[in-house]
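Asker: First the structure, which I've put down as structure tokens, then a few questions once you've had a look.
2 protein chains.
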Amino acid sequence: MFFLFIGASDVCKIPGISAAGANPAVIPFTAAADADVLYYGRPRVVDAVPVDPEGHPTPALITRAAWEMARFPFIVVRCGSYLPPACPHVDLKCDPGGDPSLVSAVPNAREVFDAACELGRSMGGMKEPYVIGESVPGGTTTALMVLRSLGVEGMVSSAGPLNPINLKETIWQKGCSRCGGGFGAFRDDPLKAVREMGDPMQAAVAGFVFGLPRDARVVLAGGTQMLAVLAVLRAMGWDGKVVVATTKYVAQDRSCAFLEMASSLGAEPYAAPLDFSRSPHKGLADYEKGYVKEGVGAGGAFWYARELGVSVEKLCGKVEEIYSLMMGFSG
Amino acid sequence: MFFLFIGASDVCKIPGISAAGANPAVIPFTAAADADVLYYGRPRVVDAVPVDPEGHPTPALITRAAWEMARFPFIVVRCGSYLPPACPHVDLKCDPGGDPSLVSAVPNAREVFDAACELGRSMGGMKEPYVIGESVPGGTTTALMVLRSLGVEGMVSSAGPLNPINLKETIWQKGCSRCGGGFGAFRDDPLKAVREMGDPMQAAVAGFVFGLPRDARVVLAGGTQMLAVLAVLRAMGWDGKVVVATTKYVAQDRSCAFLEMASSLGAEPYAAPLDFSRSPHKGLADYEKGYVKEGVGAGGAFWYARELGVSVEKLCGKVEEIYSLMMGFSG
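Sequence order for the protein chains is A and B.
If you're matching positions, the first sequence starts at 290 in the numbering used here and goes up one per residue.
If you're matching positions, the second sequence starts at 290 in the numbering used here and goes up one per residue.
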């Protein structure tokens with residue numbers, strides 16, 4: 290089963306940090322709109338397809354395409370998105386994450402973890418794999434903060450070809466000053482790392498996985514944001530087997546260290562071989578240049594559809610088709 | 290996977306109609322408390338175990354016992370319960386059903402059906418069976434109203450040894466006068482039967498099943514309330530295979546016509562062979578006298594646990610154990 294956890298971090302409101310949402314006014318809608326795209330094939334909470342400032346479409350359409358081809362079961366779990374999606378969902382009733390350079394990011398990280406842990410406990414026992422994706426604008430920054438707080442080396446990814454590394458460093462430094470943090474400082478208290486420096490999605494997904502039976506087949510569907518979740522789990526002593534499934538755009542991103550970090554965290558990496566290099570649509574073709582890259586569990590949904598026997602060609606073709614429909618192209 | 294749909298009908302506020310809740314003031318909590326018992330082994334929205342006026346415990350403890358022994362995946366879906374449960378759940382955001390003798394019971398039955406249908410669509414594709422239970426105080430009366438409106442003969446069950454048949458007849462007559470109903474009157478418009486005479490759980494479960502792939506393995510976990518749902522589905526042309534799993538207390542209840550109705554609706558019946566005849570606890574032993582009988586998907590949860598290899602003896606023993614714990618018995 291595919292689970293989409295939708296959350297938020299006020300980090301996304303820092304100018305220059307997030308590529309999700311065409312402009313800051315739209316960012317609050319992004320995660321909810323992504324859930325609706327997965328669910329209905331189009332957003333319902335807003336009347337526009339989520340795009341980045343340059344018009345590149347949300348990776349939710351890759352996730353949607355994978356679902357249309359493979360029809361795997363899925364559900365949306367809200368963990369602090371600014372708005373609820375229109376589609377049915379489980380609501381863990383938590384707040385959006387605060388900006389860790391200013392405040393404790395997730396003051397009730399333990400409660401969020403526990404609630405999600407109970408959800409994992411109740412949803413455990415399926416024969417299906419548990420493929421878990423996320424949509425959290427600003428989430429690669431909070432991933433960096435948590436990975437470093439837990440002593441994991443390496444730069445995180447970003448949703449554009451130019452990773453705003455300097456800005457992420459500044460937020461890291463400010464956060465450390467605020468709460469006495471530092472590299473490896475919260476290694477012995479991973480939920481403190483989330484509370485001070487993370488976002489509610491991290492607490493929720495870590496709790497959910499922790500609640501599953503230890504032999505559940507877990508696929509964390511994302512790039513460096515899911516590595517941050519895995520770092521939390523490992524620091525808590527969770528020793529389950531896990532695949533971290535992302536797209537080739539993250540795995541090949543030389544500004545980040547996905548494969549090295551996955552290896553150091555004991556995860557089996559998967560890089561979805563998406564290929565839009567011959568797409569007639571600039572918005573998609575630009576994925577090959579490093580725009581968007583990943584999100585909404587795109588890489589893991591692709592993994593799941595492949596697992597269910599759908600070919601790479603059919604998946605990429607379906608993405609093109611949905612994109613054309615969503616954007617109103619005639620072709 | 291086990292799904293517990295929790296709803297409500299204002300019918301339960303008519304004195305003498307519902308055995309759920311020790312007194313009318315507690316009835317609003319019943320469905321939510323049942324969900325919490327399944328989830329946590331004890332209620333959280335109130336500080337007391339749901340019991341009927343004579344102290345017989347909720348069948349949720351049978352459902353909980355089945356889960357503890359078999360650890361099948363489950364989730365709670367709220368469809369109009371007076372209160373939300375404390376446990377994680379999907380909320381279909383509908384209102385409690387009105388009293389059909391006074392008003393249209395579910396004015397937005399179509400919207401509830403559609404939302405649940407979308408949930409079924411997204412949750413489809415699992416290898417597990419779909420075992421679907423309910424908790425709706427007053428729900429056997431609305432079941433009768435809908436079954437008759439759709440032209441299905443037979444009396445429904447009740448949650449006590451004395452079925453308040455005369456009272457149910459009175460409500461039926463008043464409802465028919467109000468909306469121009471009658472036996473078979475809404476046969477061609479089953480959602481009108483639910484809208485005028487039913488409850489939101491019926492719309493929700495029918496929609497959910499309708500949204501599943503047609504080859505899904507569906508087990509409706511309940512007695513005559515689930516037959517009402519099946520009658521709605523059949524009247525809509527749904528021709529899927531289905532088991533209706535209840536307890537032996539409903540199947541053997543001579544005041545109702547469970548087996549005959551199941552047969553006429555093309556369902557395979559299952560009657561969980563519960564046996565509390567030698568229970569040291571009067572509350573449980575009285576199940577053998579026709580108290581409570583069924584609810585919270587108890588019969589279907591029992592079916593599911595048996596399917597997963599748990600013995601009848603172990604299941605009944607676990608019910609005794611949980612009951613002792615819940616009620617604070619030392620033994």
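Even for Gly, the Cβ is constructed at its ideal location relative to N, Cα and C.
No experiment lies behind these values; they were computed from the predicted model shown.
Specify the secondary structure class of residue 365 of chain A as computed by DSSP and reduced to three states.
Answerer: DSSP places residue 365 of chain A in strand when its eight states are reduced to three.
Asker: Residues of the stretch 402 to 430 of chain B with a CB closer than 7 Å to any CB of chain A: list them in chain order, please.
Answerer: Answer in chain order: 404, 407, 408, 411, 412, 413, 414, 415, 416 and 417.
Asker: Compare the C-beta of residue 358 of chain B with all C-beta atoms of chain A and state if any pair is closer than 8 Å.
Answerer: So no, residue 358 of chain B is outside the interface.
Asker: So with Cβ pairs under 8 Å, would you call residue 290 of chain A a contact of chain B?
Answerer: By this cut-off, residue 290 of chain A is an interface position.
Asker: Examine chain B for any beta-carbon lying closer than 8 Å to the beta-carbon of residue 295 of chain A, and answer yes or no.
Answerer: Cβ-Cβ to chain B under 8 Å: no for residue 295 of chain A.
Asker: What runs of the beta strand (DSSP E), each 3 residues or longer, lie entirely inside the stretch 511 to 593 of chain A?
Answerer: Whole beta strand (DSSP E) segments, 3+ residues: 531 to 536 and 557 to 561.
Asker: Could you tell me how far apart the beta carbons of residue 325 of chain A and residue 347 of chain A are, in whole angstroms, since I believe they sit closer than 8 Å?
Answerer: Going by Cβ atoms, the distance from residue 325 of chain A to residue 347 of chain A rounds to 11 Å, so no, they are not a contact pair.
Asker: Going by beta carbon distance, what residues of the same chain come within less than 6 Å of residue 388 of chain B, once the five residues before and after it are set aside?
Answerer: Only 299 and 300 meet the Cβ criterion.
Asker: Only counting runs of 4 or more residues, tell me where the alpha helix (DSSP H) segments fall wholly within the stretch 366 to 428 of chain A, in order along the chain.
Answerer: Counting whole runs of 4 or more residues, the stretch 366 to 428 of chain A contains the alpha helix (DSSP H) stretches 398 to 412.
Asker: Flag this pair as yes or no: are the beta carbons of residue 436 of chain B and residue 516 of chain B separated by less than 8 Å?
Answerer: Taking 8 Å as the Cβ cut-off, residue 436 of chain B and residue 516 of chain B qualify as a contacting pair.
Asker: Can you tell me whether residue 455 of chain B is buried or exposed? The criterion is at least 16 other CB atoms within 10 Å of its CB, across all chains shown.
Answerer: Exposed, because fewer than 16 other Cβ atoms sit within 10 Å of the Cβ of residue 455 of chain B.
Asker: Could you check what DSSP says for residue 295 of chain B in three-state terms: helix, strand or coil?
Answerer: Strand at residue 295 of chain B.
Asker: Is it true that the stretch 478 to 487 of chain A meets the stretch 405 to 415 of chain A, where meeting means three or more beta-carbon pairs spaced less than 8 Å apart?
Answerer: As far as the Cβ criterion goes, the stretch 478 to 487 of chain A does not touch the stretch 405 to 415 of chain A, which means the pair count is below three.
Asker: In the DSSP output, which residue or residues are listed as bridge partners for residue 509 of chain B?
Answerer: The partner list for residue 509 of chain B (beta bridge, DSSP) reads B:421 and B:533.
Asker: For residue 510 of chain A and residue 393 of chain A, I'd like the C-alpha separation in whole angstroms.
Answerer: So the two alpha carbons sit approximately 26 Å from each other.
Asker: Strictly by DSSP, which residues pair up with residue 346 of chain A?
Answerer: DSSP output for residue 346 of chain A lists A:340 as bridge partner(s).
Asker: Rounded to the nearest angstrom, how far is the Cβ of residue 488 of chain B from that of residue 443 of chain B, given a contact under 8 Å?
Answerer: Contact doesn't hold; Cβ gap of about 19 Å is too wide.
Asker: Output, in sequence order along the chain, the residues in the stretch 369 to 396 of chain A whose CB is closer than 8 Å to any CB in chain B.
Answerer: If the cut-off is 8 Å between Cβ atoms, the stretch 369 to 396 of chain A has 376, 377, 378, 379, 380 and 381 near chain B.
Asker: Along chain A, which residues have their Cβ under 8 Å away from the Cβ of residue 351 of chain B?
Answerer: Those do not exist, as residue 351 of chain B stays about 17 Å from chain A at its closest Cβ, beyond 8 Å.
Asker: Drop a sphere of 10 angstroms on the beta-carbon of residue 462 of chain B, count the other beta-carbons inside from all chains shown, and report buried for 16 or more, exposed for fewer.
Answerer: That one is exposed.
Asker: Please state whether DSSP places residue 500 of chain B in a helix, a strand or coil.
Answerer: Helix at residue 500 of chain B.
Asker: Could you tell me whether the Cβ of residue 317 of chain A comes closer than 8 Å to any Cβ of chain B?
Answerer: By this cut-off, residue 317 of chain A is not an interface position.
Asker: Nearest to residue 521 of chain A by CA position, among A:440, A:367, A:471 and A:419, is which residue?
Answerer: The shortest C-alpha separation from residue 521 of chain A is found at A:440.
Asker: Alpha carbons only, please: which of B:385, B:396, B:352 and B:493 is nearest the one belonging to residue 302 of chain B?
Answerer: Selected option, being the one with the closest Cα: B:385.
Asker: Does the Cβ of residue 606 of chain B have 16 or more other Cβ atoms within 10 Å, making it buried, or fewer, making it exposed?
Answerer: So residue 606 of chain B counts as exposed.
Asker: Spatial neighbours of residue 530 of chain B within its chain, please: CB distance less than 7 Å, with the 5 preceding and 5 following residues excluded, ordered by chain position.
Answerer: Same-chain partners within the cutoff: there are none.
Asker: Decide if residue 304 of chain B is buried, meaning its Cβ has at least 16 other Cβ atoms within 10 Å, or exposed.
Answerer: Exposed is the call here.
Asker: Hey, how far is the Cα of residue 538 of chain A from the Cα of residue 525 of chain A?
Answerer: About 30 Å.
Asker: Check whether the Cβ of residue 362 of chain A lies closer than 8 Å to any Cβ atom in chain B.
Answerer: Chain B contact via Cβ: present.
Asker: Which residues, taken in chain order from the stretch 587 to 598 of chain B, show a beta carbon closer than 9 Å to some beta carbon of chain A?
Answerer: Cβ contacts with chain A: 597.
Asker: Do the CB positions of residue 536 of chain A and residue 582 of chain A come within less than 8 Å of each other?
Answerer: Their beta carbons are under 8 Å apart, which means residue 536 of chain A touches residue 582 of chain A by this criterion.
Asker: Please report the distance separating the alpha-carbon of residue 557 of chain B from that of residue 500 of chain B.
Answerer: Their Cα atoms are separated by approximately 21 Å.
Asker: Can we say the stretch 592 to 604 of chain A touches the stretch 359 to 366 of chain A, given the rule of at least three CB pairs closer than 8 Å?
Answerer: Because the criterion of three Cβ pairs below 8 Å is met, the stretch 592 to 604 of chain A and the stretch 359 to 366 of chain A touch.
Asker: Could you name the residues of chain B that residue 328 of chain A contacts, counting a contact when the two beta carbons are closer than 8 Å?
Answerer: Going along chain B in sequence order, the residues near residue 328 of chain A (Cβ under 8 Å) are 407 and 411.
Asker: Checking 8 Å against the spacing of the C-beta atoms, do residue 470 of chain A and residue 464 of chain A come in under that value?
Answerer: Contact flag set, yes.
Asker: If you follow the alpha helix (DSSP H) that residue 609 of chain B is in, where does it begin and where does it stop?
Answerer: Unbroken alpha helix (DSSP H) run through residue 609 of chain B: 601 to 616.
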